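Quick notes on the structure that follows.
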Amino acid sequence: MEALRKLLGFFLDLLFPPKCLLCNRLNSDLICPECLSQLTPFEGKTCSKCGVPLEGKDDLCPQCLLNPPYFDQTFFYGLYQGKLEEAILRFKYQDHPRLSGILGSLISEKFLETGIQVDIVTWVPLHQRKLKMRGYNQAELLARTISSNLGLPYGDFLIKKKETKPQSRLKREERLRNVVGVFKPKSSVKLQGKSVLLIDDVVTTGATASECARILKEMGAEKVFVLSIARGTGTQLPTS
19 MEALRKLLGF FLDLLFPPKC LLCNRLNSDL ICPECLSQLT PFEGKTCSKC GVPLEGKDDL
79 CPQCLLNPPY FDQTFFYGLY QGKLEEAILR FKYQDHPRLS GILGSLISEK FLETGIQVDI
139 VTWVPLHQRK LKMRGYNQAE LLARTISSNL GLPYGDFLIK KKETKPQSRL KREERLRNVV
199 GVFKPKSSVK LQGKSVLLID DVVTTGATAS ECARILKEMG AEKVFVLSIA RGTGTQLPTS
C-alpha cells in the first residue's frame, strides 16, 4: 500500500508539478526559499500593550492609555502586507491549512525571543457556521503548531456564541462594541493562576483578543499574552 501511494504521488507530481503558493514557480515546498525570505519580521518599536507600531519615546499608544485592553501584551511576526499578507490570505481563504506549519513556526520563534514563560496555549474561536464553511479554524491550526514547537499543552477554552459583523468593515469604536458578549467559556475548566498564550492570525485594534482575554481572566487566568502572524494597519484586513 505504501509503495502504491508513493507511485501515485510520483505520477501526480508529473501531471501537476508542485509550485510555490506565493509566486507559482515550480518548487517542492509550499513556499519557495525566495518568497520565504520575503516574510520579514517587524523590528521597529511597538506599544508595550497592544503591539501597534510606535514612534517616539512613549511605551504605550494613546488608545491603551485611555482604554487598556484585558490582555497583558501582544506579539506578532510582521506587518500585514506584501508576501506575508499573501500567505495569510492563502492560508485563511484558499484552503491551504498546511501553511500553519510554516507560519506557526515563524511566530513560535518570534515568541521565544521574548523570553516570556506561559503555561498553556489557546486560540480565538470561530462561530460554528463559519467553521463549517471554511472547514478549519486557522487560529486553532496555528495554536497546535505553536504548542508543539514550544513544548506546551493547548486547550480549547472559548466558544463564539453568535456571529458578528466582519471586523474589517468597522471603525475602531464599532469593533469594540461588535465583540462585547460574543464569547463564553467552553467548559467549566479553571485556569487559576495560569499564564495563557492566545493565538490569532491577524490583530488590528485588538478588540477581539481583548474580549477573549476578558473571558479567560474570568476563568482564572492570571495573564493573557496574544500572539499573531501579523499586525494589521487598520484598513485593509481580510474578513475574520
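Those letters in the sequence shown? Residues 19 to 258, per our numbering, in order.
Each residue gets a CB set at the ideal place from its N, CA and C atoms; glycine is no exception.
Source: prediction; values computed, not measured.
Query	Result
Those residues which DSSP pairs with Ile138 across a bridge	Val214
Neighbourhood of Ser165 by C-beta distance below 6 Å, restricted to the same chain and skipping five residues each side	Val139, Tyr172
Spatially closest choice to Lys208 from Asp47, Pro143, Lys150, Leu176, by CA coordinates	Leu176
Residue span of the alpha helix (DSSP H) that contains Thr163, given as start and end	156-168
Between the CA atoms of Arg43 and Ser213 - distance to the nearest angstrom	43 Å
Member of Gly96, Leu97, Cys65, Tyr111 whose CA lies at the smallest distance from the CA of Cys82	Cys65
Host beta strand (DSSP E) of Tyr95 (start-end)	91-97
Buried versus exposed call for Ser228 [16 or more other C-beta atoms within 10 Å across all chains shown]	buried
Beta-carbon spacing of Phe201, Val136 below 8 Å	no
Whole-number beta carbon distance between Leu97 and Phe129, since they are thought to touch under 8 Å	With a Cβ gap of about 17 Å, Phe129 and Leu97 do not count as contacting.
Test item: CB-CB of Phe94 and Leu216 under 8 Å	no
DSSP bridge partner residues for Thr64 (one or two, in chain order)	Pro71
Thr132 Cβ short of 7 Å to the ligand FAD heavy atom set	What this structure holds is no ligand at all, so the ligand FAD is not there to describe.
Coarse secondary structure for Ile247, derived from DSSP in three states	strand
Local conformation of Tyr88 per DSSP, three classes	coil
Cβ pair Phe109, Gln156 closer than 8 Å	yes
Extent of the continuous beta strand (DSSP E) to which Pro203 belongs	201-203
Beta-bridge pairing of Lys176 - partner residues as DSSP gives them	One detail in the question is off: residue 176 reads as Leu in this sequence, not Lys. DSSP output for Leu176 lists Pro203 as bridge partner(s).
Local Cβ density within 10 Å of Asp218, reported as buried at 16 or more and exposed below that	buried
8 Å Cβ shell around Glu181 - same chain, five flanking residues per side excluded	His145, Arg147, Lys148
Backbone secondary structure at Leu44 - three-state DSSP	strand
Sub-8 Å separation of Ile49 and Ile106 beta-carbons	no
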